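Asks: Below: one structure in C-alpha cells.
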Amino acid sequence: MSQLILLNKPYGVICQFSEHPKHPTLKSCIDLPGVYPAGRLDTDSEGLLLLTDDGALQHRIADPRWKLPKTYWVQVEGEPSDAQLAALEAGVDLGDFVTKPATVRRLNPPSLWPRNPPVRFRKSVPDNWLEIVISEGKNRQVRRMTAKVGLPTLRLVRVAIGPWRLEDLPPGEHRVLAVDLADLPGGRQAMTRAKVGRTPPRSSGHRQTMSSPTSRRRKP
C-alpha cells in the first residue's frame, strides 16, 4: 500500500517545498519526510492537493493518459448565461489549445472557509458560483476558460481529484490515506513501468468534510 496525502492548500501557498522569496511553501502546511506533490495547484487557488511518497502513484495521478477528473468550485464575476455555460462545456479555444469538453453546472454559494485576503468584489457587478469538472490540467486553465467566455474568476477552490474529495478538511490541514495503486484504472501498467525502471518522485526541492452545496441546474 502507498501513502497518499490529501492537503487543503491555502490561498497564497506555492506548490513547492523549497524556500520562496514571496510566498509561503508547502512546508508551512506539512512536514512529512519523503513526500512530493502529485500535480500542482496555482498559488492563488485553494483546495485539494495530493502528495505521495510513491513514485509510481505520483506518475499514475499526473499521467495525461490516465488524467483524473478534477472538480472545481468557481466564483465568477457576472451572471452566467446558458450560452456561456454551453461554451465552457463544449470546449474553449484559448489560442494555444482548445479545452476538452467539461461538465458545468450552477451552484448555490457553498459554505467555505473565509479567504485570506478576502475576495475583492465590484458592488455594481453580481457574482455567482459554478462547479466545473475538467479532465485535463493545463496552466491556469479554469481561470482562462471562464475569462474567455466573459466570466472572470474571483475565487477558485478544487474540491475533488478523481475519487478523492476535500470534504471537511480545514485549510492548511492534511489527511493520510493508504492506497493500492493496482486498484486504480491503469494502476497495474504503472506498477509494471515502475518495476522496469524505478525512478524517484519528481522533487520540488524537498526531501523529505466539506458538504456539497445544493445545485441550481441550468435551464434547458
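Counting from 5, one number per residue, gives the positions in the sequence shown under the numbering used here. The beta carbon of each residue, even a glycine, is placed where N, CA and C say it ideally should be. Quantities reported herein were computed from a predicted structural model and do not represent experimental measurements.
#1: Return the CA-CA distance between L155 and F21, expressed in angstroms with no decimal places.
#2: Measuring straight from C-alpha to C-alpha, what distance separates P114 and N12?
#3: According to DSSP, simplified to helix, strand and coil, what is R110?
#4: Starting from I165, trace the beta strand (DSSP E) in both directions and tell me its first and last residue.
#5: Can you name the residues that DSSP bridges to L54?
#6: Compare the C-alpha of I18 against each of A66, L8, C33, S6 and name the closest.
#7: Give every residue of the same chain whose Cβ lies closer than 7 angstroms to the Cβ of P105, excluding the five residues on either side of it in the sequence, and list them in chain order.
#8: Give the single residue among V161, A182, D184 whose Cα lies nearest to the Cα of P174.
#9: For V146, name the three-state secondary structure that DSSP assigns.
#10: Starting from the Cα of L170, find the closest Cα among V183, T47, L52 and give me that residue.
#11: Tell me whether the beta-carbon of Q145 lies closer than 8 angstroms to the beta-carbon of T103.
#12: Measuring from the CB of G38, is there a heavy atom of the ligand PLP at a distance below 7 angstroms?
#13: From the DSSP secondary-structure annotation, give me the bridge partner or partners of D97.
#14: Please confirm if the region 67-79 is in contact with the region 125-135, defined as three or more CB-CB distances below 8 angstroms between the two stretches.
#15: What is the rounded straight-line gap between the Cα of P28 and the Cα of L8?
#16: Can the beta-carbon of L55 be found less than 8 angstroms from the beta-carbon of Y40?
Replies: This is what the structure holds:
#1: Going by the C-alpha atoms only, they are around 33 angstroms apart.
#2: Their backbone Cα atoms lie some 16 angstroms apart in a straight line.
#3: Strand at R110.
#4: I165: member of the beta strand (DSSP E) spanning 157-165, first to last residue.
#5: Paired residues: L10.
#6: If we check each option's Cα against that of I18, C33 comes out closest.
#7: So the qualifying residues of the chain are E93, A94, G95.
#8: For P174, the nearest C-alpha among the options comes from V161.
#9: DSSP places V146 in the helix class (H, G or I) of the three-state scheme.
#10: That would be L52, whose Cα lies nearest to the Cα of L170.
#11: A contact, by the Cβ cut-off of 8 angstroms.
#12: Only the bare structure without any ligand can be found here, which leaves the ligand PLP out of the picture.
#13: Bridge partners of D97: V102.
#14: As far as the Cβ criterion goes, the region 67-79 touches the region 125-135, which means the pair count is three or higher.
#15: Answer to the nearest angstrom: the Cα atoms are 22 angstroms apart.
#16: Yes, the Cβ-Cβ distance between L55 and Y40 is below 8 angstroms.
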